[in-house]
Structures are given as structure tokens and as C-alpha cells.
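Notes for the one structure printed next.
Residue numbers (the UniProt record's numbering): 1 to 319.
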């Protein structure tokens, strides 16, 4: 009975974490109805209502808050036990869940994933490629990649994987009937394509002089929330884009895109790894991070000294 009640508590917590009976049950391979019955059993056992249910949201009663708080200790103890047992063997196994931005994630991860799956046959990997920022803990990810400066969520460790440079670029066709800008001020009448649809993101910070940054908020008739789409818009000659150099290196090299204002600094872009803070990092996460750091270090060295190092293993992004 105690074992089944612990399982019901974990299902109850999943429903709260996901704010949904459907998603909470799905995390355990259960239907909405089965998840609802688990919560109902707990309410019957404790003789009190644990959740307030509406058609739009789920909220905890005071008694539900108490149970959730104690449940966190139960869940942590179970995870700690599993981690200890896995670490005793040191062999990665189970499912590694990763969240990564679409274009950059594909560029950075897939070569490492290929070798990791080859080296560790007991591993499965699930990757969510999306430019939407995922909640690492609530969505049960082992690892997340993020682009740019960010404040880590509480309970997460943040490590820098790579520092990339931003670059302004456009298709040569865009300048077929326009004059190429020679200064930041001359960007004003041109078509600037911004990443993201929020008003506070509709600007760039550029520097023509060390330590002096100019906020650029010019004409923009197109805004997109996907890095691949932003690059494609630049390739289509729709305007000037600002992207990590890693995403447009091939296009710059083959002439599909050209650098705009090459002497202007567009700033650095850190590429970060975030993962839950635990006393013992699971072997499947630790060994994948070790391999990813090694691959990206080779890529960095090759970029800095192309004639002295082996070619990098970063994947070409077909999208």
C-alpha cells in the first residue's frame, strides 16, 4: 500500500508541475483519467481536497501544498538513490533528455550525439529542438542549451560551452539596388530583420569604437522567432540580419551572404549548458557533457588555428 501511495504522490506532483492532468499523466505513461484517479485516491486517503480545479487551471489547497512539499523530499530521495546506484557502476544508461535551440542546437549537438550513441548502447536520447526557452526542471530535462546571456533558473548549474561572435549580414541581391552602409547611422533606412516578436527585442547594440555601444532600432517590416527562418530571410534578400557567426559561416564562405559593416563589433554570444544542480550528476549527463566540451574545444581550436588542427566535427545544418 505504501508503495502505491508513493506512486500516487509522484503522479500528483507531476500534475502540479505540468499544470495539467493530461501532461502530468503522460509523464508516467498514463491517461488523464488514470492520473485523476491517483489524485482522487490520495484525497480519499487523507480525507481532504488537495487541488482546486477549474476549466483553465489547477491550484493547490493548503493541504495540497503540504503534500507537495513532503513529496519533493520523497522524489529527491528516490532520485538520489538511483543516482548513487548508477554512479556505482559509472555506466551511462537510460534516457538523456535535452532541450536546445533549433538551428544552433542541430549545428552543435548531432555529431556528438552520433558518437555518444555509438559508445554507449544502453542510452536513448530525446532532443527538443525549439527556439522557445524550456523550463529545465519542470519539463524534466537533463540538459539544456541556451544562446546569449541568461540568468539561470533556480537550482540549475550554468557552464559556458563556447563563445561565438555575432555578425551582421545580408544577401548580395539585397544591395542590387541599394547602397551598402558604411556606418551604423546608415542602417536607418534599410530593412532590418529582428529575431523575436517582443518590442524590447527590436533593437541591436553595435560598436564602431571600443567600449562605445550604439542602440540601433531601425526600420523593420519583418520579425521572426526562429533562427533558421531569420537566416533564410537574409538569404532571400529580405533585409539585414544579425546572427551568430556559427550559423552563417558556410553561407558567408560561399558568397550566399556577405558581411555588413565588417569593422563594426556586434558583440559576443555565449552558448551555455544548463543542467539541474544535484549532489551526484548522472553518468549519462556527465559523460555527454564531457564529450560535448571536447568536441567544441576542437572546433574552437580549429577556428583559431585552421592550419594546425583537425577539421571540426560540428554538423552542417541543412535547415
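Each residue gets a CB set at the ideal place from its N, CA and C atoms; glycine is no exception.
{"query": "Three-state secondary structure (DSSP) of residue 185", "result": "helix"}
{"query": "Buried versus exposed, by CB contacts within 10 Å (16 or more), residue 177", "result": "exposed"}
{"query": "Residue 113 versus 289, 77 and 254, residue with shortest Cα-Cα distance", "result": "289"}
{"query": "Helix, strand or coil at residue 48 according to DSSP, with G and I counted as helix", "result": "coil"}
{"query": "Entirely enclosed alpha helix (DSSP H) segments - the UniProt domain \"HTH lysR-type\" (1-61), minimum 4 residues", "result": "2-18, 21-26 and 32-46"}
{"query": "Residue 249 in three-state terms, based on DSSP", "result": "helix"}
{"query": "Residue burial classification, residue 85 (beta-carbon count within 10 angstroms, cutoff 16)", "result": "exposed"}
{"query": "Beta-bridge pairing of residue 93 - partner residues as DSSP gives them", "result": "Answer is none; residue 93 lacks a bridge partner."}
{"query": "Proximity below 8 Å, CB of residue 103 to CB of residue 27", "result": "no"}
{"query": "Same chain, Cβ closer than 8 Å to residue 50, five either side skipped, listed in chain order", "result": "12, 39, 42, 43, 60, 61, 63, 64 and 67"}
{"query": "Alpha-carbon to alpha-carbon, residue 270 and residue 187", "result": "25 Å"}
{"query": "Residue 241 vs residue 253 beta-carbon contact at 8 Å", "result": "no"}
{"query": "Residue 100 and residue 127 closer than 8 Å at C-beta", "result": "yes"}
{"query": "Helix, strand or coil at residue 108 according to DSSP, with G and I counted as helix", "result": "helix"}
{"query": "Helix, strand or coil at residue 144 [DSSP, three-state]", "result": "strand"}
{"query": "Enclosing beta strand (DSSP E) for residue 282 [first to last residue]", "result": "Looking at the DSSP string, residue 282 is not in any beta strand (DSSP E), and its letter there is neither H nor E."}
{"query": "Residue range of the unbroken beta strand (DSSP E) whose run includes residue 268", "result": "268-276"}
{"query": "Cβ contact check for the segment 132-147 and the segment 206-213: 3 or more pairs under 8 Å", "result": "no"}
{"query": "Enclosing alpha helix (DSSP H) for residue 324 [first to last residue]", "result": "Since the first residue of the chain shown is 1 and the last is 319, residue 324 is not available in this structure."}
{"query": "As assigned by DSSP and simplified to three states, the class of residue 244", "result": "strand"}
{"query": "Close beta carbons around residue 92, own chain, < 6 Å, minus the five adjacent residues each side", "result": "120, 123, 283, 284 and 287"}
{"query": "Distance between residue 105 and residue 118 (C-alpha atoms, nearest Å)", "result": "20 Å"}
{"query": "Expected contact under 8 Å - CB spacing of residue 231 and residue 243 to nearest Å", "result": "6 Å"}
{"query": "Rounded straight-line distance, which links the Cα of residue 190 to that of residue 71", "result": "56 Å"}
{"query": "Residue from 165, 229 and 215 whose Cα sits closest to the Cα of residue 304", "result": "165"}
{"query": "Residues bridged to residue 207 [DSSP beta-bridge criterion]", "result": "265"}
{"query": "Rounded distance between the beta-carbons of residue 277 and residue 157, thought under 8 Å", "result": "5 Å"}
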